[in-house]
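A.B. asks: Here the protein sequences come in this chain order: A and B.
Residue numbering for the first sequence follows the numbering used here, starting at 6 and increasing by one per position.
Residue numbering for the second sequence follows the numbering used here, starting at 302 and increasing by one per position.
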Amino acid sequence: MLPSKRLCHIGPMPLPAIDGWFAVDDGVAHLLGTRCADCRTVHFPPQTGLCRNPRCQGEDLAETRLSRRGTVWSYTNACYPPPAPFAAAEPYTPVTLAAVELAEEGIVVLGQVKDMTVDDLRVGMELELTSGALADGPEVWMWGRP
Amino acid sequence: MGQAMSVLVAGAGMHPWGKWGRPFVGYGVAAARAALREAGLEWTDVQFLVGADTIRNGYPGFVAGATFAQALGWTGARIASCYAACASGAQALDIARTRILAGLCDVALVVGADSTPKGFFTPVGGDRPDDPDWLRFRLLGATNPAYFALYARRRMALYGSTSEDFAAVKVKNALAGSLNPNARYRTAVTAEQVLASPMVADPLRLMDICATSDGGAAVVLVSPEYARRRGLDATVRIAAISTVTPAFPNTVLELPCFATDSTAAVPPPERTFRASIAHAAYEEAGLGPADLSFAEVYDLSTALELDWIEDVGLAPPGGADKLLRAGDTALGGRIPVNPSGGLASFGEAVPAQALAQVCELTWQLRGTAGARQVVNARAALAANQGLFGHGSAIIATV
Ligand SMILES: [Zn+2]
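(1) What separation, rounded to the nearest whole angstrom, lies between the Cα atoms of GLY404 of chain B and ILE380 of chain B?
(2) Is there a Cβ of chain A sitting closer than 9 Å to that of LEU342 of chain B, yes or no?
(3) Between the alpha carbons of THR603 of chain B and THR376 of chain B, how many angstroms are there, rounded?
(4) Alpha carbon to alpha carbon, how far is LYS10 of chain A from THR546 of chain B?
(5) Apart from the five residues just before and just after GLU506 of chain B, which ones in its own chain have a Cβ nearer than 6 Å to its Cβ?
(6) How many Å lie between GLY25 of chain A and PRO51 of chain A at the Cα?
(7) Determine, for TYR360 of chain B, whether the minimum Cβ-Cβ distance to residues of chain A falls below 9 Å.
(8) In chain order, what are the residues with a CB under 5 Å from some non-hydrogen atom of ligand 1?
(9) So for ARG74 of chain A, helix, strand or coil by DSSP?
(10) Where in the stretch 85-116 of chain A do unbroken runs of the beta strand (DSSP E), each at least 3 residues long, occur, reported from the N-terminal end onward?
(11) Throw me the rounded Cβ distance for the SER641 of chain B and GLU597 of chain B pair, which I believe falls under 8 Å.
(12) Tell me, to the nearest whole angstrom, how far the beta carbon of VAL347 of chain B is from that of ALA397 of chain B; I am working on the premise that it is less than 8 Å.
(13) Does the beta carbon of ASN459 of chain B come closer than 9 Å to any beta carbon on chain A?
(14) Where does ARG11 of chain A sit, in a helix, a strand or coil, going by DSSP?
(15) Quick check: what's the CA-CA separation for ARG530 of chain B versus VAL310 of chain B?
(16) Please report the residue range of the beta strand (DSSP E) in which ILE539 of chain B lies.
(17) Under a three-way DSSP split, which group does SER646 of chain B fall into?
(18) Could you tell me the boundaries of the alpha helix (DSSP H) in which CYS383 of chain B lies?
(19) Taking all protein chains shown into account, decide if PRO430 of chain B is buried (16 or more other Cβ within 10 angstroms of its Cβ) or exposed.
(20) Suppose contacts are defined by Cβ-Cβ distances below 9 Å. Is ASP337 of chain B in contact with LEU656 of chain B by that definition?
(21) Verify the CB distance criterion: does HIS35 of chain A have a CB-CB separation below 9 Å to chain B?
(22) Tell me whether TYR384 of chain B is buried or exposed, calling it buried when 16 or more other Cβ atoms sit within 10 Å of its Cβ.
(23) Taking 9 Å as the threshold (beta carbon to beta carbon), is ARG74 of chain A in contact with chain B?
(24) Assuming contact is defined by CB atoms lying nearer than 9 Å, are CYS660 of chain B and MET315 of chain B in contact in what I supplied?
(25) Can you say whether PRO550 of chain B is buried or exposed, counting buried as having 16 or more other CB atoms within 10 angstroms of its CB?
(26) Would you say ASP562 of chain B reaches chain A, if we count a Cβ-Cβ gap shorter than 9 Å as a contact?
(27) Say whether the stretch 436-447 of chain B touches the stretch 73-80 of chain A, bearing in mind that this needs 3 or more beta-carbon pairs closer than 8 Å, one atom from each stretch.
(28) Between B:ASP622, B:VAL567, B:GLY687, B:ASN358, which has its C-alpha nearest GLY461 of chain B's C-alpha?
(29) Using a beta-carbon distance below 9 Å, is TRP148 of chain A in contact with chain B?
(30) Starting from the N-terminal side, write out each stretch of the alpha helix (DSSP H) that is 4 residues or longer and does not extend beyond the stretch 403-484 of chain B.
(31) Who are the neighbours of TRP609 of chain B on chain A, taking C-beta pairs under 8 Å?
(32) Counting only beta-carbon atoms, is PRO86 of chain A nearer than 9 Å to chain B?
(33) Name the residues in the stretch 41-75 of chain A whose C-beta lies less than 8 Å from a C-beta of chain B; which are they?
(34) If we define contact as Cβ-Cβ less than 9 Å, is VAL145 of chain A a contact residue for chain B?
(35) Taking the beta strand (DSSP E) that TRP318 of chain B falls in, what are its first and last residues?
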């Protein structure tokens, strides 16, 4: 990425709530997994060290960016504020969650859903990765409208 | 497993489930003494005590075997303690069974008890960014009911289950629980009440989700030779204990995970994790679903009972709702499921829960289950699943 692009951001970049699980470049979010060089198994959250395929001896797990679009495996919400360490917004609006299936990686990834309620969601519909802030500031990956 | 390899249940005992707010040790001791009383044995007869650990009650909970042994009075008996989430009681039972089968002891006492805080289960305290159980709360606010709800919504989409079906599970289990003196909730409910209860994690409502409870359960296991020698009334046989872990790639999103395993390199296994837990038990017992008189399954939610009915092979995938609607899984039905009232009537006391299931198996198979007795019960299965790849299935026969 060109350094000049970074200068275009207005205000401080939000801190990620967790390091190394996702990246946001120019507003485009990617989940960061690792892929085994030997058997091609994908790991999310990113696994280092040993491949989780029990029949693979691979230890070369390189960072890989996961597909940004997938289909909803299932979804729900939290009608009551989840307990700490979750930082619930006040006033509280239900957190929406979706488990999204990424076809190429053969993996289902759970995430908060941005700006949608359970009424907007259906099993099988397509969502796209984005990011958003937790109520106390740090940023996490989220699923959103494509 | 042949008759020579048998381990017998000499006695079962429980401290009633509730929200008593007292230390877990007392519940465990009460259950242990009840089990010993039923067995016709003394604590001083016990050679080996296995405690199922509780992780919410400090150091005494992490060494439950020692804690219960000290509370009952040190006798020099050997002890073990183990934790395996919801399967803790089953693993404790398996440890006791194995020591008896190895010929290293004749009498073992297995005890589990818990004292729980109000509300959602929350992660153990402190900032632990390397612990997925902490992170799922921190990053997603994903409580246990959120995962149950994902399964429920998936079931609705795949098989057309409805909120009314889920409510019918609660109605059925509440009715059975109303007949169980050890249950926490002993009032029958209507479908209207379930459907009017507040939504917690869409599509699951408050009355679809099991509570967290205090309680204690204990089982006395003996070798057949010892039972004969002491003239014990020990007719119930442990025919199988399955505690298998998932096979890679596990394609069902499990608590407390953020993602499934990937199928990019290896195709999914023949059976899902839950189905594989039951399958291993059937293999070990040399029995199949058709041999069961009833089953106790882990209804953390109403919808999950329907999943389990299929996972243990009592119905094909998507077929559990049909059994439910026909009344087959109710008390008096063709294959009662959760005649104890299940978690719906008990609430979850984690280290005691798998043992509570074995208590129900024992009493039903002995014909002492009172008003909720399954007629002529000969064989039964109890199944559960917990966090971090733990699960169990136990088959008992007479
Ligand atoms: Zn590999």
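Heads up, the beta-carbon is just placed ideally off N, CA and C, and yes, glycines get one too.
C.D. replies: Let me spell this out:
(1) 16 Å
(2) no
(3) 43 Å
(4) For LYS10 of chain A, the pLDDT reaches just 41, beneath the cut-off of 50, and the residue's location in the model is therefore unreliable, although a value from the coordinates is still provided. So the alpha carbons of these two residues sit roughly 48 Å apart.
(5) It should be pointed out that residue 506 of chain B corresponds to Arg in this sequence rather than to Glu. Once the five neighbours on either side are set aside, the close Cβ partners of ARG506 of chain B are SER498, MET500.
(6) 8 Å
(7) no
(8) A:CYS41, A:ASP43, A:CYS44, A:THR46, A:CYS56, A:ASN58, A:CYS61, A:GLY63
(9) strand
(10) 100-107
(11) 6 Å
(12) With 8 Å as the limit, VAL347 of chain B and ALA397 of chain B do not qualify as a contact, their Cβ atoms being about 10 Å apart.
(13) First, the residue type needs correcting, since residue 459 of chain B is Leu and not Asn in the sequence shown. Closer than 9 Å: yes.
(14) Reliability of the predicted coordinates at ARG11 of chain A is poor, the pLDDT of 43 falling under 50, and no value is obtained from them.
(15) 15 Å
(16) 537-543
(17) helix
(18) From DSSP, CYS383 of chain B is part of no alpha helix (DSSP H) but of the beta strand (DSSP E) over 379-383.
(19) exposed
(20) Here residue 337 of chain B is Leu; the residue named in the question, Asp, does not match the sequence. No, the pair does not count as a contact, with Cβ atoms beyond the cut-off.
(21) no
(22) buried
(23) no
(24) yes
(25) buried
(26) yes
(27) no
(28) B:ASP622
(29) no
(30) 433-436, 445-460, 464-478
(31) Under the 8 Å cutoff, chain A gives no residues; its nearest Cβ is about 17 Å from TRP609 of chain B.
(32) yes
(33) CYS41, CYS44, ARG45, THR46, VAL47, HIS48, PHE49, PRO50, ARG57, ASN58, PRO59, ARG60, CYS61
(34) yes
(35) 308-319
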